[in-house]
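Residue numbers (the working numbering), protein chains in the order written: chain A, 11 to 297; chain B, 11 to 297; chain C, 11 to 297; chain D, 11 to 297.
4 protein chains.
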Amino acid sequence: MENNISSPNTARLLISCPDKPGIVATVSQFLFQSGANILDASQHSTDPAEGLFFMRMEVKMPYNPEFDAAFQQQVATPLNMTWKISHAGQRKRMAILVSAYDHCLLDLLWRWRSGELEVDIPLVISNHATLEKDCTALGIPFYYLPVSSETKASQEAAIGKLMADQQIDFIVLARYMQILSPQFVSLFPQRIINIHHSFLPAFAGARPYQHAYNRGVKLIGATAHYVTDELDEGPIIEQDVARVSHKHAINDLVMLGRDIERQVLTRAVKAHIDDRVIVLGNKTIVF
Amino acid sequence: MENNISSPNTARLLISCPDKPGIVATVSQFLFQSGANILDASQHSTDPAEGLFFMRMEVKMPYNPEFDAAFQQQVATPLNMTWKISHAGQRKRMAILVSAYDHCLLDLLWRWRSGELEVDIPLVISNHATLEKDCTALGIPFYYLPVSSETKASQEAAIGKLMADQQIDFIVLARYMQILSPQFVSLFPQRIINIHHSFLPAFAGARPYQHAYNRGVKLIGATAHYVTDELDEGPIIEQDVARVSHKHAINDLVMLGRDIERQVLTRAVKAHIDDRVIVLGNKTIVF
Amino acid sequence: MENNISSPNTARLLISCPDKPGIVATVSQFLFQSGANILDASQHSTDPAEGLFFMRMEVKMPYNPEFDAAFQQQVATPLNMTWKISHAGQRKRMAILVSAYDHCLLDLLWRWRSGELEVDIPLVISNHATLEKDCTALGIPFYYLPVSSETKASQEAAIGKLMADQQIDFIVLARYMQILSPQFVSLFPQRIINIHHSFLPAFAGARPYQHAYNRGVKLIGATAHYVTDELDEGPIIEQDVARVSHKHAINDLVMLGRDIERQVLTRAVKAHIDDRVIVLGNKTIVF
Amino acid sequence: MENNISSPNTARLLISCPDKPGIVATVSQFLFQSGANILDASQHSTDPAEGLFFMRMEVKMPYNPEFDAAFQQQVATPLNMTWKISHAGQRKRMAILVSAYDHCLLDLLWRWRSGELEVDIPLVISNHATLEKDCTALGIPFYYLPVSSETKASQEAAIGKLMADQQIDFIVLARYMQILSPQFVSLFPQRIINIHHSFLPAFAGARPYQHAYNRGVKLIGATAHYVTDELDEGPIIEQDVARVSHKHAINDLVMLGRDIERQVLTRAVKAHIDDRVIVLGNKTIVF
Numbered sequence: 011m012e013n014n015i016s017s018p019n020t021a022r023l024l025i026s027c028p029d030k031p032g033i034v035a036t037v038s039q040f041l042f043q044s045g046a047n048i049l050d051a052s053q054h055s056t057d058p059a060e061g062l063f064f065m066r067m068e069v070k071m072p073y074n075p076e077f078d079a080a081f082q083q084q085v086a087t088p089l090n091m092t093w094k095i096s097h098a099g100q101r102k103r104m105a106i107l108v109s110a111y112d113h114c115l116l117d118l119l120w121r122w123r124s125g126e127l128e129v130d131i132p133l134v135i136s137n138h139a140t141l142e143k144d145c146t147a148l149g150i151p152f153y154y155l156p157v158s159s160e161t162k163a164s165q166e167a168a169i170g171k172l173m174a175d176q177q178i179d180f181i182v183l184a185r186y187m188q189i190l191s192p193q194f195v196s197l198f199p200q201r202i203i204n205i206h207h208s209f210l211p212a213f214a215g216a217r218p219y220q221h222a223y224n225r226g227v228k229l230i231g232a233t234a235h236y237v238t239d240e241l242d243e244g245p246i247i248e249q250d251v252a253r254v255s256h257k258h259a260i261n262d263l264v265m266l267g268r269d270i271e272r273q274v275l276t277r278a279v280k281a282h283i284d285d286r287v288i289v290l291g292n293k294t295i296v297f
Numbered sequence: 011m012e013n014n015i016s017s018p019n020t021a022r023l024l025i026s027c028p029d030k031p032g033i034v035a036t037v038s039q040f041l042f043q044s045g046a047n048i049l050d051a052s053q054h055s056t057d058p059a060e061g062l063f064f065m066r067m068e069v070k071m072p073y074n075p076e077f078d079a080a081f082q083q084q085v086a087t088p089l090n091m092t093w094k095i096s097h098a099g100q101r102k103r104m105a106i107l108v109s110a111y112d113h114c115l116l117d118l119l120w121r122w123r124s125g126e127l128e129v130d131i132p133l134v135i136s137n138h139a140t141l142e143k144d145c146t147a148l149g150i151p152f153y154y155l156p157v158s159s160e161t162k163a164s165q166e167a168a169i170g171k172l173m174a175d176q177q178i179d180f181i182v183l184a185r186y187m188q189i190l191s192p193q194f195v196s197l198f199p200q201r202i203i204n205i206h207h208s209f210l211p212a213f214a215g216a217r218p219y220q221h222a223y224n225r226g227v228k229l230i231g232a233t234a235h236y237v238t239d240e241l242d243e244g245p246i247i248e249q250d251v252a253r254v255s256h257k258h259a260i261n262d263l264v265m266l267g268r269d270i271e272r273q274v275l276t277r278a279v280k281a282h283i284d285d286r287v288i289v290l291g292n293k294t295i296v297f
Numbered sequence: 011m012e013n014n015i016s017s018p019n020t021a022r023l024l025i026s027c028p029d030k031p032g033i034v035a036t037v038s039q040f041l042f043q044s045g046a047n048i049l050d051a052s053q054h055s056t057d058p059a060e061g062l063f064f065m066r067m068e069v070k071m072p073y074n075p076e077f078d079a080a081f082q083q084q085v086a087t088p089l090n091m092t093w094k095i096s097h098a099g100q101r102k103r104m105a106i107l108v109s110a111y112d113h114c115l116l117d118l119l120w121r122w123r124s125g126e127l128e129v130d131i132p133l134v135i136s137n138h139a140t141l142e143k144d145c146t147a148l149g150i151p152f153y154y155l156p157v158s159s160e161t162k163a164s165q166e167a168a169i170g171k172l173m174a175d176q177q178i179d180f181i182v183l184a185r186y187m188q189i190l191s192p193q194f195v196s197l198f199p200q201r202i203i204n205i206h207h208s209f210l211p212a213f214a215g216a217r218p219y220q221h222a223y224n225r226g227v228k229l230i231g232a233t234a235h236y237v238t239d240e241l242d243e244g245p246i247i248e249q250d251v252a253r254v255s256h257k258h259a260i261n262d263l264v265m266l267g268r269d270i271e272r273q274v275l276t277r278a279v280k281a282h283i284d285d286r287v288i289v290l291g292n293k294t295i296v297f
Numbered sequence: 011m012e013n014n015i016s017s018p019n020t021a022r023l024l025i026s027c028p029d030k031p032g033i034v035a036t037v038s039q040f041l042f043q044s045g046a047n048i049l050d051a052s053q054h055s056t057d058p059a060e061g062l063f064f065m066r067m068e069v070k071m072p073y074n075p076e077f078d079a080a081f082q083q084q085v086a087t088p089l090n091m092t093w094k095i096s097h098a099g100q101r102k103r104m105a106i107l108v109s110a111y112d113h114c115l116l117d118l119l120w121r122w123r124s125g126e127l128e129v130d131i132p133l134v135i136s137n138h139a140t141l142e143k144d145c146t147a148l149g150i151p152f153y154y155l156p157v158s159s160e161t162k163a164s165q166e167a168a169i170g171k172l173m174a175d176q177q178i179d180f181i182v183l184a185r186y187m188q189i190l191s192p193q194f195v196s197l198f199p200q201r202i203i204n205i206h207h208s209f210l211p212a213f214a215g216a217r218p219y220q221h222a223y224n225r226g227v228k229l230i231g232a233t234a235h236y237v238t239d240e241l242d243e244g245p246i247i248e249q250d251v252a253r254v255s256h257k258h259a260i261n262d263l264v265m266l267g268r269d270i271e272r273q274v275l276t277r278a279v280k281a282h283i284d285d286r287v288i289v290l291g292n293k294t295i296v297f
């Protein structure tokens with residue numbers, strides 16, 4: 011039940027570790043003894059040279075406050091695992107940063123309202139006042155924090171404070187046209203998702219539609235990735251493209267691009283919410 | 011400039027007629043003498059057995075109140091043409107009928123608000139009150155006209171009166187879960203667009219996602235078509251599909267389907283607004 | 011390593027059974043004790059109402075002639091499993107039946123020659139002599155078995171004998187324009203793959219491109235499915251579509267369709283060869 | 011009839027010129043007087059800043075040896091046109107250069123043999139002997155011209171001589187792993203089509219699948235373009251992509267990529283054969 015509304019006692023386990031025989035046996039045995047039933051799971055190991063093992067499991071199990079410590083001690087430490095568990099009943103808290111373009115924001119809000127994105131949205135922050143009503147009409151607090159080169163540091167500090175106050179788990183840049191400082195980014199490693207309006211690594215940087223137009227490509231694209239200190243270089247979560255032709259002026263590319271941007275961003279956000287993404291260096295595994 | 015915002019003195023000419031040599035010459039000569047410049051045009055003729063010719067021209071030309079009569083007399087009548095001309099400066103008036111599902115309605119409203127759909131929306135009518143706020147927040151009048159088997163005739167009469175009062179050009183059924191009577195349909199020939207949530211002709215009728223699930227198809231689809239008296243049998247304007255797997259329960263098909271439905275419907279509506287569609291029997295030509 | 015050339019001691023385990031906690035633990039524990047390392051695996055359970063569990067595991071393990079009996083006794087019988095194991099080192103034996111269209115046959119032969127399809131092809135059978143040279147040039151025996159309504163029974167018997175003599179595991183109908191008898195089909199349950207040139211269930215039966223053309227669909231498709239006694243009704247393995255427009259005459263649909271047909275058939279055949287398909291009633295699970 | 015087998019007296023006219031009112035009228039009037047009937051046509055003008063007009067017309071007309079001179083004098087010169095006309099009855103002569111990879115070559119040969127590519131193939135040239143039998147089995151002469159850094163100039167001269175002897179119209183590099191010299195390229199301006207195994211401009215240069223793997227993209231692509239002196243920088247004719255995931259090792263990307271490469275190259279070659287491509291600076295218009 012890939013996209014289905016999760017029941018509150020569903021949990022998702024994400025694991026990566028050095029490959030060796032017996033990992034699935036050990037984990038599934040531990041889960042069985044914890045009363046868990048596996049609803050959906052995938053395992054994958056890379057080629058022997060790399061020697062890594064990845065696993066996602068979606069299980070139904072009673073909540074047990076001692077599960078984490080026991081799993082760490084009996085399974086994760088012996089097998090040298092990086093792991094995390096999320097409980098569908100504990101919804102993640104997502105902040106959205108946006109400028110004046112509405113398409114990505116509206117798509118996220120609509121899917122949240124329809125129950126497709128099982129997440130809480132405690133706030134939207136923007137450096138423009140434009141989209142305030144779209145948020146408040148849905149009962150979502152909207153913070154208008156304008157920014158200039160002089161106020162960049164203080165504005166970012168204000169953002170950071172809101173994140174802390176609201177216990178934000180991850181941030182979505184829904185066409186937020188500002189570059190976050192390395193200090194800010196370091197507070198949310200692999201927890202800031204950006205949408206870039208090109209098929210990266212083609213047309214990184216500013217004005218990708220203009221560059222795509224100039225180069226005469228036959229497809230335009232969008233890329234959702236985790237933000238790192240290097241602009242447009244973070245681990246890619248999702249990408250897609252749409253066909254264009256000589257009939258499309260730059261404005262048409264921008265218009266067509268809006269559809270790809272919002273779809274790609276939404277899919278990436280959903281994968282993050284559903285704990286489907288493992289980051290491995292500069293790449294992702296999306297189960 | 012396929013999707014670009016049209017300038018007010020852009021006109022679009024749609025023509026179908028029996029094929030013979032000289033049609034393009036006659037039409038383009040007439041347009042040239044009328045001061046028109048061709049921005050984008052396509053012509054197509056079917057195979058000799060059928061012997062039909064189709065043309066769409068997008069031209070820039072000064073408004074001339076005598077153009078239509080002169081074109082009819084000098085070009086259309088001699089060549090036995092079915093034709094129409096639309097002026098981008100005279101926006102069509104589109105009514106939306108909807109039930110309680112919001113996705114198709116919201117997508118149309120967003121694209122209207124962003125300027126992507128160059129159309130006026132004088133009203134939205136629904137047999138449920140659910141989506142009133144979504145419309146009125148954008149300044150669009152919303153009419154709640156509930157319907158039961160007893161009140162069907164009078165409700166439809168009320169809809170018809172609103173259409174007449176508001177001088178509606180065409181109607182979009184954005185998941186309107188009621189079947190319109192043949193009398194009503196006959197008032198808007200080739201001017202009611204419906205979205206059916208399957209890849210027609212597969213799974214016509216009710217509950218297409220359930221039937222798709224039962225049959226185990228690997229793609230689900232949506233179809234936008236003009237409404238005729240025969241349910242789900244009207245001329246198809248646009249279709250698209252999305253990939254599904256054994257992981258998708260019926261609810262997931264419904265959720266995924268929402269994305270295809272709104273995209274397919276929007277593309278069909280846009281093609282209609284931009285005068286790209288010629289209906290030929292039970293088929294369409296979409297330039 | 012999804013498509014990678016399998017090493018000879020790779021095995022694939024396909025399991026379906028009633029869902030209950032502990033299945034993955036039991037299977038993976040047994041595999042671990044058998045010296046197996048899991049390379050790639052997926053598990054999925056349907057909703058509680060249906061209550062079924064499915065699993066595919068690709069493992070590296072030493073060949074052990076007693077594995078099957080032990081697995082049956084210790085794992086499969088207690089858990090009421092339907093299961094099978096395939097060893098990559100024991101290539102399946104695939105027969106191809108074809109008429110006079112070459113595109114599906116050539117695509118299969120090319121992928122076999124390139125190593126993409128890890129299968130043996132002991133023979134190709136056709137009711138036309140047309141494609142003999144294409145097969146024999148690659149060293150594949152070609153049997154020309156013409157058929158008429160009078161000779162249908164004896165021709166099918168001759169095919170059956172060749173299948174038995176050559177110990178054929180499964181049959182691919184690569185646009186074989188004859189209908190096999192229920193008797194023949196019953197010899198190869200879930201082991202005959204057919205390609206139908208439409209997006210089933212739309213346009214089942216003869217002349218699907220003609221029907222698609224008449225209906226004015228905007229996408230044409232192809233469907234690969236296991237053959238059952240009911241024509242075009244067997245479990246679907248794979249489907250895909252391509253976009254068409256008013257510019258495409260029927261001959262163009264046929265030409266475009268060839269590309270979809272060969273891609274869809276090849277993907278289905280590959281999934282079958284790689285033991286990715288579980289048939290469940292009239293549906294498939296393709297891992 | 012987009013892909014249909016052309017009748018011998020079909021001609022295709024490709025025009026580009028400065029935009030001004032009356033071009034279509036002038037051309038279509040001339041064609042009408044020449045006895046031509048328009049089967050399919052498209053016109054497009056760029057935005058006023060650029061001010062260019064493009065047209066493709068497919069017409070049925072009797073062959074007239076004086077047509078070209080008359081068109082030049084009465085239409086092309088006054089309107090400052092770049093133009094060309096091709097007659098379907100005079101098939102283009104296509105040479106294929108290939109190294110040891112067979113997939114692009116075989117796809118072109120199949121489609122030629124099936125009548126889908128309406129072209130003559132007087133020869134295939136390779137720097138490896140590997141694919142000789144695939145060509146000669148179809149009656150196509152194969153020239154094995156090995157090359158080393160010392161013999162590069164003489165090998166290229168030999169290729170050039172074959173091109174001249176065989177009156178080759180255009181050249182397809184079907185994964186020919188050698189870089190042609192500027193001198194050679196200058197002999198075939200906009201008449202050498204190359205397939206690059208990435209979604210250009212991403213991953214230009216050598217080993218694109220390795221770079222795509224390293225970057226962790228979610229789609230791999232291929233690009234067909236006209237060859238210019240700048241490697242991988244020529245005007246793009248066609249592009250497409252395929253979805254990949256963490257399950258795909260580099261070898262899998264190579265295998266998947268073969269399918270995209272051959273499809274993209276074939277579509278580009280077909281567009282060139284059917285006179286659908288106008289080159290404008292470093293971009294193409296593909297009607």
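Beta carbons are placed, not taken as given, at the ideal position from N, Cα and C, and that holds for glycine.
**Report entry** Closer than 7 Å at the beta carbon, the chain A residues around C:L115
**Finding:** Those do not exist, as C:L115 stays about 31 Å from chain A at its closest Cβ, beyond 7 Å.
Query raised in the report: Is the CB of A:A147 under 7 Å away from at least one CB in chain B?
Result: yes
Requested in this report: Measure the alpha-carbon distance for C:P18 versus C:T238 and round it to whole angstroms.
Outcome: 33 Å
Report task. Could you round the C-beta distance between C:V134 and C:C145 to whole angstroms and report it? I think they count as a contact, below 8 Å. Result -> 5 Å
Query raised in the report: When the Cα atoms are used, what is the spatial distance from A:V85 to A:G291?
Result: When rounded, the distance between both Cα atoms is 23 Å.
Requested in this report: List the residues of chain C that D:D285 touches, going by C-beta distances under 9 Å, in chain order.
Outcome: Near D:D285 there are no residues of chain C at all, since even the closest Cβ is about 15 Å away, more than 9 Å.
Report task. Give a yes or no on whether 7 Å exceeds the smallest Cβ distance from A:E12 to chain B. Result -> The predicted position of A:E12 is uncertain, since its pLDDT is 44 and thus under 50; no value can be drawn from it.
Query raised in the report: Checking contacts by CB at 7 Å: is A:D239 closer than that to chain C?
Result: Using beta-carbon distances, A:D239 does not count as an interface residue toward chain C, since no partner is under 7 Å.
Requested in this report: Reducing DSSP to helix, strand and coil, say where B:S136 ends up.
Outcome: strand
Query raised in the report: What residue does the beta strand (DSSP E) around C:Y236 start on, and which one ends it?
Result: L229 to Y236
Query raised in the report: B:I106 and B:A184: beta carbons closer than 7 Å?
Result: Contact annotation: B:I106 and B:A184 have beta-carbon atoms nearer than 7 Å.
Query - chain E residues whose Cβ lies nearer than 9 Å to that of C:D50 - result: Among the protein chains of the structure shown, namely A, B, C and D, there is no chain E.
Query raised in the report: DSSP on C:V279, reduced to helix/strand/coil?
Result: Reduced to three states, the DSSP call for C:V279 is helix.
Query raised in the report: Are the beta-carbon atoms belonging to A:I299 and A:L275 less than 7 Å from one another?
Result: For residue 299 of chain A there is no data in the structure shown, the boundaries of chain A being 11 and 297.
Query raised in the report: Across which residues does DSSP place D:T20 in a beta bridge pair?
Result: D:K70
**Report entry** Span of the beta strand (DSSP E) around C:I48
**Finding:** The continuous beta strand (DSSP E) containing C:I48 extends over residues N47 to S55.
Query raised in the report: In this structure, does DSSP put A:Q249 in helix, strand or coil?
Result: strand
Query - Bounding residues of the beta strand (DSSP E) (the contiguous stretch that carries D:L290) - result: Where D:L290 is concerned, the enclosing beta strand (DSSP E) starts and stops at V287 to L290.
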